[in-house]
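Okay, structure first, notes after.
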Amino acid sequence: MNFWKRLRFYFFNFYPPYFAAGIRYKRIGKDLTHFRLSMKLHWWNRNLVGTHFGGSLYSMCDPFYMLILMENLGEDYIVWDKAATIRFISPGLGKVYAEFHIPREEIERIRKEADEKRKLDAFFQTKIFDEKTGKVIAELDKVVYVRRKERIKK
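So that you can map any letter, position 51 of the sequence shown is 53 in our numbering, and since no number is skipped, the others follow by simple counting.
Written out as structure tokens, the structure is:
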């Protein structure tokens, strides 16, 4: 990945919703198929019972499957987040992390299906972990809409 793309993703750390929640990206794959983010528990991202606020946990996970597909499919495809479900499993009491990865083979399968069928819904799942204990804090299901852009007929 070139320097300018890496710099662009570095600025996610300063995107106001992420910065305010204490969300930081820790690792980005060279081929833009993998992201790892973390979030420490602070007074400003705690809920009323002293654990991670669910909205912050979800926002940490929100755009990354869409971003991976956008970067890897290119400008010939429309990619949108369509739906998400988050299930809270156990309280987040410390630093938490989540990883987002779409294997290259899956990206090519999505590209092929979008080319053949014109559009599709791609389903992804990830887990949010407590960094200290390794326990699952939450599970996220994500639906991303992918469509091949229409060619302009001349």
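Just so you know, even glycine gets a beta-carbon here, dropped at the ideal spot from N, CA and C.
Since we're looking at a predicted model, the values are computed, not measured.
Which residue from 67, 58, 22 puts its Cα closest to that of residue 145? What you label residue 145 is simply residue 143 of the sequence shown in a count that begins at 1. For residue 145, the nearest C-alpha among the options comes from 67.
Compute the beta-carbon to beta-carbon distance between residue 120 and residue 89, rounded to the nearest angstrom, for a pair I have assumed lies under 8 angstroms. The count along the sequence shown starts at 1 and reaches residue 120 at position 118. The count along the sequence shown starts at 1 and reaches residue 89 at position 87. With a Cβ gap of about 32 angstroms, residue 120 and residue 89 do not count as contacting.
I think residue 34 touches residue 77, with their Cβ atoms under 8 angstroms apart; what is that distance to the nearest whole Å? As a first step, residue 34 is located in the sequence shown; it is residue number 32 there, counting from the start. As a first step, residue 77 is located in the sequence shown; it is residue number 75 there, counting from the start. Wrong, their Cβ atoms sit about 14 angstroms apart, outside the cutoff.
Alpha-carbon to alpha-carbon, residue 142 and residue 28: Taking the first residue of the sequence shown as position 1, residue 28 is located at position 26. Taking the first residue of the sequence shown as position 1, residue 142 is located at position 140. So the two alpha carbons sit approximately 19 angstroms from each other.
Among 105, 87, 118, 147, which residue has its Cα nearest to the Cα of residue 129? Your numbering for residue 129 matches position 127 in the sequence shown. Selected option, being the one with the closest Cα: 87.
For residue 117 and residue 38, the rounded distance between their alpha carbons: For this step, residue 38 is matched to residue 36 along the sequence shown. For this step, residue 117 is matched to residue 115 along the sequence shown. Distance between the alpha carbons of residue 38 and residue 117 is about 30 angstroms.
Using a 10 Å radius around the Cβ and a threshold of 16 neighbouring Cβ atoms, would you call residue 50 buried or exposed? Here the question's residue 50 lines up with position 48 in the sequence shown. With fewer than 16 other Cβ atoms within 10 Å, it is exposed.
DSSP beta-bridge partners for residue 142? Counted from its first residue, the sequence shown places residue 142 at position 140. 88, 128, per the DSSP bridge assignment.
Enumerated in chain order, which unbroken segments of the beta strand (DSSP E) with a length of 3 residues or greater are wholly contained in the region 97 to 127? 98 to 103
If you reduce the DSSP assignment to three classes, tell me which class residue 79 lands in. For this step, residue 79 is matched to residue 77 along the sequence shown. Three-state DSSP puts residue 79 in a strand.
Determine the direct distance from the alpha carbon of residue 147 to that of residue 81, and round the result to whole angstroms. For the purposes of this step, residue 81 is identified with residue 79 of the sequence shown, where counting begins at 1. For the purposes of this step, residue 147 is identified with residue 145 of the sequence shown, where counting begins at 1. Rounded to the nearest angstrom, the two C-alpha atoms are 6 angstroms apart.
Through-space distance from residue 101 to residue 26, alpha-carbon basis: Stepping through the sequence shown from its first residue, residue 26 is reached at position 24. Stepping through the sequence shown from its first residue, residue 101 is reached at position 99. About 12 angstroms.
Report buried or exposed for residue 44, applying the criterion of at least 16 other Cβ atoms within 10 angstroms of its Cβ. Position 42 of the sequence shown, counting from 1, holds the residue named residue 44. Exposed.
Roughly how many angstroms separate the alpha carbons of residue 112 and residue 94, rounded to a whole number? Here the question's residue 112 lines up with position 110 in the sequence shown. Here the question's residue 94 lines up with position 92 in the sequence shown. Using only the alpha carbons, I get a separation of about 34 angstroms.
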